[in-house]
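For the sequence shown, full-length UniProt numbering assigns the number 158 to the last residue and increments by one with no breaks.
A virtual CB, placed ideally from N, CA and C, is assigned to each residue, including glycine.
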Amino acid sequence: MYLLTVRLRCFPAAHAPIWHQNLLDHFFYAAEDRMAVWHGMSARSVRNKYLKDLWLQWRGLLLSYDEGLVKGDAVLAAAVWRNVFRAQEGEGVVGDVGTVVGYMRRELGMLGGMSDLEVSEGRVVFGRPEGVGGLVGRESAWMRRSFVAEDFKGVEGK
1 MYLLTVRLRC FPAAHAPIWH QNLLDHFFYA AEDRMAVWHG MSARSVRNKY LKDLWLQWRG
61 LLLSYDEGLV KGDAVLAAAV WRNVFRAQEG EGVVGDVGTV VGYMRRELGM LGGMSDLEVS
121 EGRVVFGRPE GVGGLVGRES AWMRRSFVAE DFKGVEGK
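Right, here's the structure in full:
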């Protein structure tokens, strides 16, 4: 849902809010339906409490993922670790977080290459995350390169 939200922001200003609102409406209607049908929450007040909590979580997720898209993969990975993996520690978690971040970047690139018409007609097909794992395991050339004096030219250290 987040990936589609990012792409919908690229729609013309007159259309983007409508598309975004409809995506949110469908999500929250489906969430409320599942609460009632699958979990037997018949009291509307109880469902509304959970929906409010879900809304707050969604807003936090938007903010943290957007920050990660702007500031880099380390920040995005921290947001994914908190939101998807519930900040759990353990064997393999780092690789899994890296796979999710790589997947997000790859799919955002795919969505960015699609026209508004293709997106609005629902021709979005998300790929499988398996192919990203190999990329995540490779070491970047920048990991072994040290900063040199030239890198700091024009950077003030006040």
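- At least 8 Å separates the beta-carbon of L23 from that of L108.
- Here the C-alpha atom of G127 lies approximately 21 Å from the C-alpha atom of D66.
- Runs of alpha helix (DSSP H) with 4 or more residues, each lying fully within the UniProt domain "Ubiquinol-cytochrome c chaperone" (1-126), are found at 2-8, 16-37, 44-71, 73-83, 93-112, 116-120, listed in chain order.
- With respect to R82, S64 sits close: the two C-beta atoms are nearer than 8 Å.
- In the displayed model, F152 falls within a helix according to three-state DSSP.
- For E130, the secondary structure class from DSSP, reduced to helix, strand or coil, is helix.
- Distances from the alpha-carbon of D53 to those of L69, A43, W19, F28 put F28 closest.
- Non-local beta-carbon contacts of R9 in its own chain, meaning distances under 7 Å to residues more than five positions away in sequence, involve A16 in chain order.
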